[in-house]
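Below you'll find the structure, written out as C-alpha cells, and then a few comments.
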Amino acid sequence: MTSAVRTFGLSLPDYPWEAMAPYAATAARHPAGAVNLSIGTPVDPTPALIQDALRVAADAPGYPTVHGTPALREAVAGWFARRRGVPGLDPQNVMPTVGSKELVAWLPFLLGLKPGDVVVRPTVAYPTYDIGATFAGAEQIAADDLDELDAGTRARVRLVWVNSPANPTGSVRDVASLRSIVRQAREIGAVVASDECYAELGWGEWDAQRGGTPVPSILDPQVAEGSHDGLLAVYSLSKQSNVAGYRAAFVAGDPVIMANLVNSRKHAGMIVPYPVQEAMRVALGDDAHVLVQKDLYRGRRERIVPALEGFGLTIHESRAGLYLWASAGEGTWDTVGRLADRGIVVGPGVFYGDAGHGFVRVALTASDERIDAAVSRLASAT
Ligand SMILES: Cc1ncc(COP(=O)(O)O)c(C=O)c1O
5 MTSAVRTFGL SLPDYPWEAM APYAATAARH PAGAVNLSIG TPVDPTPALI
55 QDALRVAADA PGYPTVHGTP ALREAVAGWF ARRRGVPGLD PQNVMPTVGS
105 KELVAWLPFL LGLKPGDVVV RPTVAYPTYD IGATFAGAEQ IAADDLDELD
155 AGTRARVRLV WVNSPANPTG SVRDVASLRS IVRQAREIGA VVASDECYAE
205 LGWGEWDAQR GGTPVPSILD PQVAEGSHDG LLAVYSLSKQ SNVAGYRAAF
255 VAGDPVIMAN LVNSRKHAGM IVPYPVQEAM RVALGDDAHV LVQKDLYRGR
305 RERIVPALEG FGLTIHESRA GLYLWASAGE GTWDTVGRLA DRGIVVGPGV
355 FYGDAGHGFV RVALTASDER IDAAVSRLAS AT
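Residue numbering for the sequence shown follows the working numbering, beginning at 5 and increasing consecutively.
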C-alpha cells in the first residue's frame, strides 16, 4: 500500500540567510571573533525615554486598538509635519503596524490582489515585497519605472512598491522621481506604497543635519500633488529609535484604503500592543535621540568607507540608510569569502535580486568597537 505524502503550507523559498552559515563560521574562527556586518539589526541601546514609556504603559488588561490610540495617531501626524514635510495629515488616515515587515508582506493580500494582478518592486530590493505578492497569488515584476513595462503588463499592475532610501542600495528618489512614479501609477489606477524606513538616515546631499536636503516622502505635497489618493507611506521606528525588538511601525495615506486596512486588520487581530503604542508615541515626539543615533551611524560610516575602498571595494549609491552597496569586480560569493577570511561577515548582493550579482551589502549596524575592528582587519589585509 502506498501512503500518500500530504504537504501543507505555502511553497515559499527557503529563508536565504541560511546560505551564509559557512561564511559566518569562517569569520567566527578569527582570533578576535567575527565582525558581523551582514544583518541590519540595531545594536545600540533603546533610548531610556522609550524604555520608560513602555514600562509606564505596562498595565494593559484590555485589548488595544487596531487603529492606534488617538494620541499615537496625533503623534504620527505631528511627526510627518515636523520631520517629513507633510503638513495637515489627518490622524484618521494613520495606523500602527507590528513592525513594517508584516505590513510589507501582507499588503497585497489585504488590498485584495489576486492571481493575474502584478506587484512592481524595485530592481534590487528587500525580498519581502516578493513574498507579499506570493501570499496574494499575484505576480511580482522588478522595475524602477513603469515605462519599463509593456502595455499588457502595465494594465495588470495594482501595486507599486517604492523604497527610498533603498535597502540594499542606499539610493534615494528625489521629489521629481517620486512624482513621476506617482503620476505613472495614477494613470493606470495602481496604488503606490512607499517604504521609507531609512528616511531619517540621509548622508551627503541628503544629510539634513549637514546642510543637505531632507529625504522626501511619497505624501509630500510636491509629490502627491494635492491628494493622497492611491498613496501609502510605510515607516518603521526599528532603526531610527533602536526598537526593532518592540515591533513599532506605521502606515499612512489614502483615506479610503486606510479605512479598509483598519477594518481588515480588526477582523484579523493584527494589533500593536498598547505598551508599544505608547512607546511609539513618546519616541515620535522626541527628535533628539534620533539625531544622536544618526551621529553614531555617520561616524561608523565615515570610518568604514575608506577602509572598504582601501581593500579594493567600490561603493555604489549608498546615499542614505544603514548599508553600503559595494562591489569588487568579482562574483558576490568571492567577495563574501574574502571578507569572511578576514573575520568580517557581509550580506551577498544576490539575495536582493538578479541585479545584485557582483555586489555585497555592508551594514553599519555594529558597535564602534566592532567597526574599528573591521577597519583594522581591512587595513592589515592590503
Ligand atoms: C526596506 C525595509 N523595509 C522594511 C523593513 C522591516 O523593518 P521592521 O519590520 O523592523 O519595521 C526593513 C528591515 O530591515 C527594510 O530594510
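Glycine is no exception: its CB is placed at the ideal position from the N, C-alpha and C atoms. Because the structure is a prediction, the values reported are computed rather than measured.
Stretch pair the segment 271 to 282 + the segment 193 to 200: three plus CB contacts closer than 8 angstroms: The segment 271 to 282 is not in contact with the segment 193 to 200.
Segments of 3+ residues assigned as beta strand (DSSP E) that fall wholly inside the segment 228 to 287: Runs of beta strand (DSSP E) with 3 or more residues, each lying fully within the segment 228 to 287, are found at 235 to 240 and 253 to 257, listed in chain order.
Residues that residue 348 bridges to, as DSSP identifies them: According to DSSP, which records beta bridges pairwise, residue 348 is partnered with 39.
Helix, strand or coil at residue 162 according to DSSP, with G and I counted as helix: Here residue 162 sits in strand by DSSP.
Terminal residues of the alpha helix (DSSP H) in which residue 90 lies: Where residue 90 is concerned, there is no enclosing alpha helix (DSSP H), given that its DSSP letter is neither H nor E.
The segment 359 to 375 touching the segment 62 to 78, judged by at least three CB pairs closer than 8 angstroms: Taking a cut-off of 8 angstroms on C-beta distances, the segment 359 to 375 does not touch the segment 62 to 78, as fewer than three cross pairs fall below it.
Residue 311 vs residue 378 beta-carbon contact at 9 angstroms: A contact, by the Cβ cut-off of 9 angstroms.
Whole-angstrom distance between residue 256 and residue 20, CA atom to CA atom: Residue 20 and residue 256: Cα-Cα distance of roughly 30 angstroms.
Validate contact between the segment 348 to 367 and the segment 245 to 259 using beta carbons, cut 8 angstroms, 3 pairs: The segment 348 to 367 is not in contact with the segment 245 to 259.
Beta-carbon proximity list for residue 5, same chain, < 7 angstroms, skipping 5 on both sides: Confidence at residue 5 is low in this model, with a pLDDT of 46, below 50, so the placement of that residue is unreliable and no value is reported for it.
Distance between residue 28 and residue 265 (C-alpha atoms, nearest Å): The straight-line gap from Cα to Cα measures roughly 40 angstroms.
Contact the segment 54 to 63 vs the segment 76 to 86: 3+ CB pairs below 8 angstroms: Segments in contact, no.
Three-way DSSP call (helix, strand, coil) for residue 384 in this model: In the structure shown, residue 384 sits in a helix (DSSP, three-state: H, G or I).
Alpha-carbon spacing of residue 82 relative to residue 33, whole angstroms: Distance between residue 82 and residue 33, taken at the CA atoms: about 49 angstroms.
9 angstroms Cβ cutoff met for residue 136 and residue 108: Contact: yes.
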